[in-house]
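Shown next, in structure tokens, is the structure this report addresses.
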Amino acid sequence: MVRRAFAASRPTVLPADRPHAAVSLLLADAAPVPEILFILRAKHDRDPWSGDIGFPGGRVAAGDPHPRFTAERETREELALKLADGNYLGRLDDLYGATLPILVSCFAYAVPARPALVPNHEVAATFWLPLDRLLEPDRHRLERFDYRGRTTVQPVAELLEPGQPLLWGITYRLLRSFFGLLELPFGLPAAQPGCPPADPR
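One rule links them: number in the numbering used here = place in the sequence shown (from 1) + 1204.
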């Protein structure tokens, strides 16, 4: 189903007229339900995503030939996981940050069930979650954030234990795009009052 969906998709590729980042969505062939890999970023004062849940990835460097190369390079550097052409599934729609001037491209890959990972200093932890758990309605709610002098209410998903970081922002939006490609409902209904279309970053 996933391969067919990506094969039929025509992702939106936005102009790279601002700082550009690329990330990898890794989908493990696990039974009975495929799993997605998440990382918990290490805390760093100069990183706007410090301590957040996200996907492996980083900034497109001047010498990178294209953003997919960046996603694969960053995955190798952060997790010691080499992605081959045979792993590649496709690309999601590009996203702009709503406040930070950033363009994010996301590339999806199929990998063997929970491959061995060796996180580097940029990654505090890794974890896998099956697709059906990500779709559970009780995991989703609205949360108030104070970010760079702005207070906003954003959709979030609780993936870890209470008190641990929430999934939100650009990664949340990328997952919404992924599940939309599969025609599966992810998160709060878009028409719900107070549910904004974009995150503040």
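Every residue gets a Cβ at the ideal spot worked out from N, C-alpha and C, and that includes glycine.
Do residue 1322 and residue 1283 have their beta-carbon atoms positioned less than 8 Å apart in this structure?
Looking up residue 1283 in the sequence shown gives position 79. Looking up residue 1322 in the sequence shown gives position 118. Taking 8 Å as the Cβ cut-off, residue 1283 and residue 1322 qualify as a contacting pair.
Per DSSP, residue 1331 is paired with what?
Translated into positions along the sequence shown, residue 1331 becomes position 127. BP columns for residue 1331 point to 1242.
Of the listed residues 1311, 1305, 1361, 1238, nearest to residue 1226 (C-alpha basis)
Here residue 1226 refers to the residue found at position 22 when the sequence shown is read from its first residue. Nearest C-alpha to residue 1226: 1311.
Nearest-angstrom Cβ-Cβ length linking residue 1371 and residue 1360, presumed shorter than 8 Å:
As a working mapping, residue 1371 is identified with position 167 in the sequence shown. As a working mapping, residue 1360 is identified with position 156 in the sequence shown. 6 Å between Cβ atoms; contact.
Compute the distance between the beta-carbons of residue 1220 and residue 1318, then report whether it is under 8 Å.
For the purposes of this step, residue 1220 is identified with residue 16 of the sequence shown, where counting begins at 1. For the purposes of this step, residue 1318 is identified with residue 114 of the sequence shown, where counting begins at 1. Cβ distance not < 8 Å, so residue 1220 and residue 1318 don't count as in contact.
Check whether the stretch 1234 to 1245 and the stretch 1255 to 1265 are in contact - that is, three or more C-beta pairs closer than 8 Å.
yes
Let me check one thing: in DSSP terms, what residues is residue 1347 bridge-paired to?
Residue 1347 sits at position 143 when you count from the first residue of the sequence shown. For residue 1347, which the question treats as bridged, DSSP gives the partners 1358.
Check the DSSP bridge columns for residue 1257 and list the partner residues they point to.
As a working note, residue 1257 is residue 53 in the sequence shown. Paired residues: 1244.
Determine the direct distance from the alpha carbon of residue 1235 to that of residue 1338, and round the result to whole angstroms.
For the purposes of this step, residue 1338 is taken as residue 134 along the sequence shown, with counting starting at 1. For the purposes of this step, residue 1235 is taken as residue 31 along the sequence shown, with counting starting at 1. Spanning the two alpha carbons is a distance of roughly 16 Å.
Please tell me whether residue 1265 and residue 1293 are closer than 8 Å, where the distance is taken between their beta carbons.
Looking up residue 1265 in the sequence shown gives position 61. Looking up residue 1293 in the sequence shown gives position 89. Cβ atoms of residue 1265 and residue 1293: not closer than 8 Å.
Measure the C-alpha to C-alpha separation of residue 1277 and residue 1237 and round it to an integer number of angstroms.
In the sequence shown, the residue the question calls residue 1277 occupies position 73. In the sequence shown, the residue the question calls residue 1237 occupies position 33. Going by the C-alpha atoms only, they are around 27 Å apart.
Between 1286, 1316, 1223, 1350, which has its C-alpha nearest residue 1262's C-alpha?
By 1-based counting over the sequence shown, the position of residue 1262 is 58. It is 1223 whose Cα lies nearest to the Cα of residue 1262.
Once the 5 residues before and after residue 1355 are set aside, which same chain residues still bring their CB inside 8 Å of it?
Within the sequence shown, residue 1355 is the residue found at index 151, counting from 1. Taken in chain order, the residues that qualify are 1348, 1349.
Are there 16 or more other CB atoms within 10 angstroms of the CB of residue 1291, so buried, or fewer, so exposed?
Here the question's residue 1291 lines up with position 87 in the sequence shown. Buried is the call here.
Tell me whether residue 1212 is buried or exposed, calling it buried when 16 or more other Cβ atoms sit within 10 Å of its Cβ.
Numbered from its first residue, the sequence shown carries residue 1212 at position 8. Residue 1212 should be labelled exposed.
Measuring only the C-alpha atoms, how far is residue 1205 from residue 1375?
As a working note, residue 1205 is residue 1 in the sequence shown. As a working note, residue 1375 is residue 171 in the sequence shown. The alpha-carbon atoms of residue 1205 and residue 1375 are separated by roughly 22 Å.
What does DSSP give as the partner residues of residue 1308 in its beta bridges?
Here residue 1308 is taken as the residue at index 104 of the sequence shown, counted from 1. DSSP, once it has assigned bridges, lists 1225, 1299 as partnering residue 1308.
So the alpha helix (DSSP H) residue 1271 belongs to, where does it begin and stop?
Against the sequence shown, residue 1271 aligns to sequence position 67. Where residue 1271 is concerned, the enclosing alpha helix (DSSP H) stretches over 1271 to 1283.
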